[in-house]
Structure formats: C-alpha cells, structure tokens
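Numbering (this note's numbering), first residue to last: 689 to 766.
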C-alpha cells in the first residue's frame with residue numbers, strides 16, 4: 689500500500705497559495721522603498737492583533753457551544 693510521506697494537500701494550498709498575498713504584503717512593508725519600519729511594525733501589530741481577536745472569539749464561541757450542547761444535554765421526559 690502506498691503511504692503519503694509529504695505534507696497534506698490542504699496545507700500546501702492554504703500556506704502556499706491562499707496566503708501568498710499576505711506574504712507579498714509583508715515583504716513589501718519591510719523590503720520596499722521608501723522604508724518606514726515604524727509603520728511596517730505598526731501594520732504587523734494590527735495584523736497580529738486581528739488574528740488574535742479572531743482566534744480568541746472563535747475559541748470563546750466554541751466554549752459556549754460546548755457548554756450549552758455537550759455539558760448540559762437536554763433530556764426528554766418519558
């Protein structure tokens with residue numbers, strides 16, 4: 689039987705193709721001219737802050753769903 693020894697196709701697709709504009713934006717901020725590292729780091733901080741807020745909200749929502757649907761299941765009388 690053949691075994692897959694590389695990275696899954698979805699990982700190549702997300703990190704290699706879909707995120708390519710983000711890589712280009714970051715390279716442009718830090719390697720482009722005129723260079724303004726203060727603004728580049730500010731943009732990077734905004735980008736990282738947005739990622740943290742999105743993942744944090746997703747985590748909180750998943751905990752609320754777990755609380756309501758899995759920890760306290762609704763029982764049917766009878």
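In this text, a Cβ means the ideal position worked out from N, Cα and C, and glycines have one as well. Since we're looking at a predicted model, the values are computed, not measured.
- Task: Kindly indicate the opening and closing residues of the alpha helix (DSSP H) around residue 701.
- Result: Taken as a continuous stretch (DSSP letters only), residue 701 belongs to no alpha helix (DSSP H), as it is neither H nor E.
- Task: Kindly confirm or deny that the stretch 690-706 and the stretch 723-742 touch, where touching means at least three C-beta pairs closer than 8 Å.
- Result: no
- Message: Using CA atoms only, rank isn't needed, just tell me which of 735, 747, 756, 727 is closest to residue 711.
- Response: 735
- Message: Taking 6 Å as the limit between beta carbons, can you name the residues of its chain near residue 728, skipping five residues before and five after?
- Response: 717, 718
- Task: Return the CA-CA distance between residue 753 and residue 707, expressed in angstroms with no decimal places.
- Result: 29 Å
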